[in-house]
Amino acid sequence: MKSKPMLVAVGWSASFLVMALALGMGVPVLKREAATQKSEAPFQVIFSSRPVWMSETDLTPLAEVVARQLNGSPIDRDGLTEAHSALMQTGWFSAINQIKRSGMSQIYIDAVWTTPFAVVREGGYDHLIDFNGKLLPRCYREGTAPSNMIRIENASFARPGSFGDEWAGKDMRSAVALVRLIHDNSWRGQIACIDLERTKIDDCLRMKTHRGCTIKWGRSPGSESAAEVPARQKIDYLQWLFDHYGRIDAGCDDELNLLSDYVGMR
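Letter by letter, the sequence shown follows residues 0 to 265 in numbering that gives the first Met the number 0.
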């Protein structure tokens, strides 16, 4: 009679073992079935922290980039990895923090957007770059770029072959550094462009105002020669001209030289 509990216990243990084995075998089957499922519904791609300058029209091709990579199962990790890579290649992002899929057709993108900053003129178009001089996937016909974008002209290197790549050249890096320095000043709108045509010869940056005056800035901010005043002093002088004359070129028609303590005008 004492053998019955053992048999019952063994029987239950055997039952649990069979159930566990069945579940263990069933999980891969469920995964395979899930992996073969595809959503027939259109994807809803939600970008967090969308910048105000990015319109719905601009977002549509980005959502399509994501949808092309995530056309399979909701548990397909390869699709998420490919979507991450594809978004970074668009040039619009400096980082993708997370791509999360909810159900079959909803995707959340947590990303750090890049910041449109200036344009570079080449071949009749003004090409948009970000704060670090990286090429963005947008260009404007010559003269149609937003007026708040400072233009860089006559760069020594052609534009990069891929979006998100930095525009090459020491002169371009210097120009971008100068744009960053003057970006927040109230008189920035008086600058038509930074002209690099002669920079490759003498390392000097030159700004042109909308009235046609050339402001000879000098070397890249922070890389001034021993005979050159620091960048902060140049900014202060331009601010003084703006405060007293309403214009940083003070009515100059030719060239304003900021390199030394004595500012020359001709």
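All C-beta atoms, glycine included, are put in the ideal place defined by N, C-alpha and C.
- Contact between ARG158 and GLU196 fails: their C-beta atoms lie close to 17 Å from each other, not under 8 Å.
- If you draw a straight line from the Cα of SER173 to the Cα of ASN131, it is about 11 Å long.
- If you check the CB distance, GLN43 and GLN105 come in under 8 Å.
- In this structure, DSSP gives PHE46 an extended state, which the three-state scheme calls strand.
- One thing to note: ARG210 has its Cβ no nearer than 8 Å to the Cβ of ASP242.
- Note: SER101 is bridge-paired with GLN105 in the DSSP secondary-structure output.
- Residue range 204-208 is occupied by the beta strand (DSSP E) that includes MET206.
- Its Cα nearest to that of LEU86, the residue VAL65 stands out among VAL65, GLY78, MET103 and LYS99.
- A distance below 8 Å between beta-carbons, with the five flanking residues on each side excluded, links ALA167 to the following residues of its chain, in chain order: PHE156 and PRO159.
- Residue pairing for ARG172: DSSP places it in no beta bridge.
- DSSP places ASP201 in the uninterrupted alpha helix (DSSP H) bounded by 198-201.
- Here DSSP, grouped into helix, strand and coil, assigns HIS126 to strand.
- Every unbroken stretch of the beta strand (DSSP E) spanning 3 or more residues and falling wholly within the region 141-197 is given here in chain order: 149-152 and 190-194.
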